[in-house]
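Residue numbers (UniProt numbering): 1 to 138.
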């Protein structure tokens, strides 16, 4: 990607380097900040760490950069970006999201009187109460 970018004379040339080995990418970035060798861009940053970088003024608002809106539209990210804002700024773009997946045993749901997967907390409370009554009756 960098080679392709640098071939275009209208682009400012960039240099790609890997972050030095550390126990975590956060540690490597903190070391780079302390030594004045911080990266211009980095991937795989935990949103909590990005929030800390915003607090100390070490991370930019990406929404102010040219081409941001076009990128968001091309990647179809408009609906999810508000969840990634930090103090009103768009400092992080999600590359991937790790959704939480719940697995339900249909046989147990049926046993406790459910014909569908719980979708609200009230459903969970009702399921727990029904299960508790069944166990207490044993």
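Ideal placement from N, C-alpha and C gives every residue a C-beta, glycine not left out. All values derive from a computational prediction rather than experimental measurement.
Backbone CA spacing between residue i and residue j [nearest angstrom]
i: residue 24; j: residue 45; result: 10 Å
i: residue 103; j: residue 61; result: 38 Å
i: residue 95; j: residue 134; result: 45 Å
i: residue 117; j: residue 67; result: 42 Å
i: residue 20; j: residue 58; result: 19 Å
i: residue 40; j: residue 100; result: 31 Å
i: residue 38; j: residue 79; result: 31 Å
i: residue 75; j: residue 34; result: 34 Å
i: residue 77; j: residue 132; result: 43 Å
i: residue 83; j: residue 70; result: 19 Å
Cut-off 7 Å between Cβ atoms - residues of its own chain near residue i, not counting five sequence neighbours on either side
i: residue 87; result: 54
i: residue 31; result: 22
i: residue 51; result: 86
Contact set for residue i: own chain, Cβ-Cβ below 6 Å, skip 5 residues either direction
i: residue 63; result: 90
i: residue 6; result: 13
Same chain, Cβ closer than 8 Å to residue i, five either side skipped, listed in chain order
i: residue 26; result: 45, 46, 49
i: residue 42; result: 19, 25, 29
Legend entry - Contact the region 96–116 vs the region 125–134: 3+ CB pairs below 8 Å: yes
Legend entry - In chain order, each alpha helix (DSSP H) run of at least 4 residues that lies wholly inside the region 31–77: Entirely contained in the region 31–77, the alpha helix (DSSP H) runs reaching 4 residues are, in chain order, 47–55, 68–74.
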